[in-house]
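S.K.: Residue numbers (the working numbering), protein chains in the order written: chain D, -12 to 399; chain S, 7 to 440.
In this text, a Cβ means the ideal position worked out from N, Cα and C, and glycines have one as well.
Just dropping this structure here.
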Amino acid sequence: MSLQIKPILAALRRHKAGTLLIALQIALTLAIVCNALFIIHDRLAHIGEASGVDEASVFVIHNQWGGDQSEQEIDAQVRADMAALRQLPSVRDAAPASGYPLQGGGWDNFITMTPDQVKPTTDSAVYGGDEHLIDSLGLQLVAGRNFRPDEVATMGDQQMVIPPVVIVTRALADRLFPDGSALGKSFYAMGATPSTIIGIVQTMHRQGTSTWDRPYAGQALIWPLRRADTRGLYYVVRAKPGELAEAMREAPRALYAQTRMRIIAGKDGIQDYARIRQRAYDRDRGMAILMGVICTVLLAITAAGIVGLTSFWVGQRRKQIGVRRALGARQRDILGYFLTENLLITGGGVLLGLVLAVGMNLWLIVRFASQPMPIAYLGVGVLLLVLLGQGAVLAPALKASRVPPVEATRSV
Amino acid sequence: MLVYYLDLAVRSLKRNRVLTTLMVLALALGIGASITTLTVLRLLSGDPLPQKSARLFYPQLDPSPKDSAITSKGRLPATMGYVDAMNLLHAHRATRQAVMALTRAKIMPPQAHAHPFFSDGVMTTADFFSMFDAGFQYGSGWTAADDESGAQVVVIAGFLNDKLFDGADSVGRMVRLNDHDFRVVGVLKPWAPQPRFYTLGLGGDHYGDGDAVFLPLKAARALKMGPQDTECYQAVDDFSHLESAPCQWLGLWVELDDASAVAAYRRFLDGYVREQVALGRFQRTDTSLLDLMGWLRDQHVVPDDVRLQVYLAFGFLLICVVNTVGLLLAKCLRRSQEIGVRRALGATRREIFVQFMVEASIVGLAGGVLGLAFAELGLFGIRHQPAQYAHLAHLDLAMFALTFLVALVASLVAGLLPAWRACLLAPAPQLKAM
């Protein structure tokens, strides 16, 4: 095989433009495919983030108040609503909440270790709920204890209450107290008084999924607060296993039986977690699909380009091939010639492509705050294009190898 | 002559159908992707008020303490506190000026048995409508006196008027908002500038339908209606007195007619801030006065993903063009003998060149037509996405024309090298080889 490289190079020199064009196309394809694969992987990893919620059984009701009620009346109504929901045969537990994981954005506070600290230590998503919230979401309490009913405070819509106790996620606990001693320690979350950590839950996603949330991924805290907001609040309801649909039908009926002075919007008023998750990651999924389509089409076009150009070369060189066959070259040799030729072109293109791919990644980092691409993506891209090139050239090369030696005697 | 070239080109393209289809399809895919993404980008980065945007400015200042970490990296807060917004508003240094915050308003329809519902609203001041060219179907806006007295008046959008009053002239009638009666003074004509520039920084959607109700700020605040977004640089435990809290929640827009007015306002703003520093209220002297389009850029109104998609689509188109160059080149070299015969029969180099460019542009036009179909398909897909701007994605006349321009330019660029190579071929060796 190695003996063949010299004549191949000599032949390629006679097709400079075509060779360069294929190499350039391979290089550009490699650059885009590598980066697209990386973006796809990045988005899919994002989509797959755990929420910590028992997603198969939990749904969320956005309850807005229709009447003109005082905060006391609203608080009483929330308690009555909770009692009604928890009594439903299909419901395991229910809790009022200020927001829920994957909501798409919501309440978050900066965290400091001392009240007069200027630069915050980190940021945490904030959830307010009662002692049923952890069970209603299906969160896993891994250390400490849940809230006691007497710790749950009421917070009006114009008020800010900082409760003395807090439950945090493991991610937040480890961020604030890396030595694992978080339980019993306290911190400040944009208030004058501290909150003491009484419990740690394994995982609870933030409300937001945007790039802003990323450095603070998984950092969330729950305060024992029941919001008496005159506008409305969320009810997190956990159905008994397998009874989600039933519970989603019964719950609004039970609430309207309590009072009709409420608004539960038809479309987004009640959402199960399948829908919440889908909405939260719509953009990421769309981007991943788009990248996938672009990769596939690009590879197809490049393959087609190689097939087209090589076919022409084969057609053009029929006579030379015939001469080689007549001089004793086997079909295998002809096949090897075209495969090697393609390998050389692809190799050149891939080398240029690697430079372009890394350059494009650097540009994405600067321009779009993307992450550096692991070397593995380059490896996968190179492998993909080499296989693609060899696969694409196979058909024309086989055709070439079947050129009979008698072709040498024919004029064109 | 051109007709002859066209005939030659069609024959040549027909001779190798698979290859022609491949070239057209690749070009069409590249063009379709580029035009789709470009349409979305243009839609998202468009000028919401083309006739007015150069005269609208967004002043910013920074009341937060010097060592505060909230306003990081030299960026000024997007909104203002009540005291500063009112001071600047009442100074009347611009042709028009208005402060605004977004809110949610509970609306009780007048019809019996109707359910209350929530709508988007704007709490603002009198100049809002004239400054932003919001036209009235019935009535007019409220007056500065209404602003001061806290009059319970409201301007409603046309679509809300249709819903509540069946589209009748409702000026003077009452709308029940957050359980209080507001008198309708005006009904807007359809008005929904895209992007919704005045909601940037105020916590609203950047694209989509217009707001339903417009209320005088003072009257709305008297009923404790709150802003959608509040940024506080100190701990606050009672949000009912936002006017005196260390919080920013209002946007101020000013209309300035010419460059000297802009320069004068800039001086005024800087003077105001220095005065506040002297008074001990402020510690930072930075100010900003961006025009409308500058403010849109500053707020990154166009999602990064959309820009990334445009770059990718054009990268894709580039690869398609390179692909077409390669295939056209191969084709033309294969026809060396035909070219030799034509040259020998008297065709000039120029004529050969034109012949091959005609062939390339036929591929381009076919690619453009098919690309247009792909672009329509792509936009159809985008309209069925859940994004705020989804329903706005349509191909307009300019993009329609651009599609063919891109197709033609792409194919001519692709045809250039092969045509050049073809016309340089010396006829004699080709004839000898026959």
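The beta strand (DSSP E) that contains M142 of chain D, what's its start and end?
M.R.: Looking at the DSSP string, the run of the beta strand (DSSP E) that includes M142 of chain D is 140 to 143.
S.K.: Starting from Q401 of chain D, trace the beta strand (DSSP E) both ways and give me its first and last residue.
M.R.: Here chain D has residues from -12 to 399 only, and residue 401 of chain D is not among them.
S.K.: Can you name the residues of chain S whose CB is closer than 9 angstroms to the CB of R266 of chain D?
M.R.: What R266 of chain D touches in chain S: P392.
S.K.: Return the chain-ordered list of same chain residues with a C-beta closer than 6 angstroms to the C-beta of D62 of chain D, the five sequence neighbours on each side being excluded.
M.R.: Cβ neighbours of D62 of chain D beyond the five flanking positions: T141, A215.
S.K.: Is the beta carbon of A32 of chain D closer than 7 angstroms to that of C282 of chain D?
M.R.: Result no, Cβ atoms of C282 of chain D and A32 of chain D do not sit closer than 7 angstroms.
S.K.: Nearest chain B C-beta to V181 of chain S closer than 7 angstroms, yes or no?
M.R.: No chain B appears in this structure, whose protein chains are D and S.
S.K.: Just checking, does the stretch 23 to 39 of chain S make contact with the stretch 321 to 338 of chain S on the three C-beta pairs under 8 angstroms criterion?
M.R.: Yes, since at least three Cβ pairs between the stretch 23 to 39 of chain S and the stretch 321 to 338 of chain S fall closer than 8 angstroms, the two stretches touch.
S.K.: Any C-beta of chain S within less than 8 angstroms: which residues of the stretch 127 to 147 of chain D qualify?
M.R.: Those residues of the stretch 127 to 147 of chain D that come within reach of chain S (Cβ to Cβ, closer than 8 angstroms) are D144, Q145, Q146, M147.
S.K.: When you compare the stretch 298 to 317 of chain S with the stretch 57 to 74 of chain S, are there three or more beta-carbon pairs, one atom per stretch, that lie closer than 8 angstroms?
M.R.: These segments touch.
S.K.: Would a check of beta-carbon distances place V301 of chain D closer than 7 angstroms to chain S?
M.R.: It does not; no Cβ of chain S falls within 7 angstroms.
S.K.: What's the C-alpha gap between T77 of chain S and S70 of chain S?
M.R.: Per-residue confidence for T77 of chain S stands at a pLDDT of 48, beneath the threshold of 50, marking its modelled position as unreliable; no derived number is given.
S.K.: Beta-carbon within less than 8 angstroms of T101 of chain D's beta-carbon, same chain only, minus the 5 sequence neighbours each way: which residues are those?
M.R.: Correct list, in chain order: Y175.
S.K.: Cβ closer than 7 angstroms: which chain S residues qualify as neighbours of D55 of chain D?
M.R.: By Cβ distance, chain S contributes D185.
S.K.: Kindly indicate the opening and closing residues of the alpha helix (DSSP H) around F380 of chain S.
M.R.: From DSSP, the alpha helix (DSSP H) with F380 of chain S extends over 355 to 389.
S.K.: Between F134 of chain S and F220 of chain S, which are expected to be in contact by the criterion C-beta below 8 angstroms, what is the C-beta distance as a whole number of angstroms?
M.R.: Contact holds; Cβ gap of about 7 angstroms.
S.K.: Could you give the first and the last residue of the continuous beta strand (DSSP E) run that contains F288 of chain S?
M.R.: First-last for F288 of chain S: undefined, no H or E at that position.
S.K.: Given this structure, state the Cα-to-Cα distance separating A356 of chain D from L206 of chain S, to the nearest angstrom.
M.R.: For A356 of chain D and L206 of chain S, the distance between alpha carbons rounds to 22 angstroms.
S.K.: Who pairs with A207 of chain D in a beta bridge, going by DSSP?
M.R.: A207 of chain D pairs with D:A112.
S.K.: Quick check: I185 of chain D and V155 of chain D, are their CB atoms within less than 7 angstroms of each other?
M.R.: Taking 7 angstroms as the Cβ cut-off, I185 of chain D and V155 of chain D do not qualify as a contacting pair.
S.K.: When you compare only the Cα positions, how much space is there between Q64 of chain D and D55 of chain D?
M.R.: Approximately 13 angstroms between the Cα atoms of the pair.
S.K.: Taking a contact to mean a Cβ-Cβ separation below 7 angstroms, would you say A82 of chain D touches G336 of chain D in this structure?
M.R.: Not a contact, by the Cβ cut-off of 7 angstroms.
S.K.: For L183 of chain S and R249 of chain D, I'd like the C-alpha separation in whole angstroms.
M.R.: Straight-line Cα distance between these residues: approximately 15 angstroms.
S.K.: Roughly how many angstroms lie between the CA atoms of P65 of chain S and T236 of chain S, to the nearest whole one?
M.R.: Straight-line Cα distance between these residues: approximately 18 angstroms.
S.K.: Let's test the definition: count the other Cβ atoms within 10 Å of the Cβ of A226 of chain S and tell me whether it reaches 16, buried, or not, exposed.
M.R.: By the 10 Å Cβ count, A226 of chain S comes out buried.
S.K.: Against chain D, with Cβ distances strictly below 7 angstroms, would I37 of chain S count as a contact?
M.R.: Cβ-Cβ to chain D under 7 angstroms: no for I37 of chain S.
S.K.: Buried or exposed: S197 of chain D, going by 16 or more other Cβ atoms within 10 Å of its Cβ?
M.R.: Classification of S197 of chain D: exposed, given that the 10 Å Cβ count is below 16.
S.K.: Using a Cβ cut-off of 8 angstroms, pull out every chain S residue sitting near T16 of chain D, in sequence order please.
M.R.: Residues of chain S passing the Cβ test: I325.
S.K.: Which residue from D:M177, D:R264, D:G315 puts its Cα closest to that of S110 of chain D?
M.R.: First, the amino acid is wrong: residue 110 of chain D is Asp here, not Ser. The residue with the shortest Cα to Cα distance from D110 of chain D is D:M177.
S.K.: Which of the three DSSP states is assigned to A130 of chain D in this structure?
M.R.: Residue state, collapsed to three classes: strand.
S.K.: Do you know offhand how far F97 of chain D's Cα is from L159 of chain D's?
M.R.: In a straight line, the C-alpha of F97 of chain D is about 12 angstroms away from that of L159 of chain D.
S.K.: Provide the residue span of the alpha helix (DSSP H) that contains T156 of chain D, from first to last.
M.R.: Counting along the chain, T156 of chain D falls outside any alpha helix (DSSP H), though it belongs to the beta strand (DSSP E) covering 152 to 156.
S.K.: Strictly under 7 angstroms for the Cβ-Cβ distance: is T77 of chain S near chain D by that measure?
M.R.: Reliability fails at T77 of chain S, whose pLDDT of 48 lies under 50, so the model's placement of it is uncertain and the value that follows must be treated cautiously. Closer than 7 angstroms: no.
S.K.: Report the three-state DSSP secondary structure of D192 of chain S (helix, strand or coil).
M.R.: Checking the sequence shown, residue 192 of chain S turns out to be Gly, not Asp. If DSSP states are grouped into helix, strand and coil, G192 of chain S belongs with the strands.
S.K.: Could you compute how far the alpha carbon of Q12 of chain D sits from the alpha carbon of V328 of chain S?
M.R.: Rounded to whole angstroms, Q12 of chain D to V328 of chain S spans 6 angstroms at the Cα level.
S.K.: Using CA atoms only, rank isn't needed, just tell me which of D:A252, D:C21, D:E36 is closest to Q265 of chain D.
M.R.: Of D:A252, D:C21, D:E36, the residue nearest in Cα terms is D:E36.
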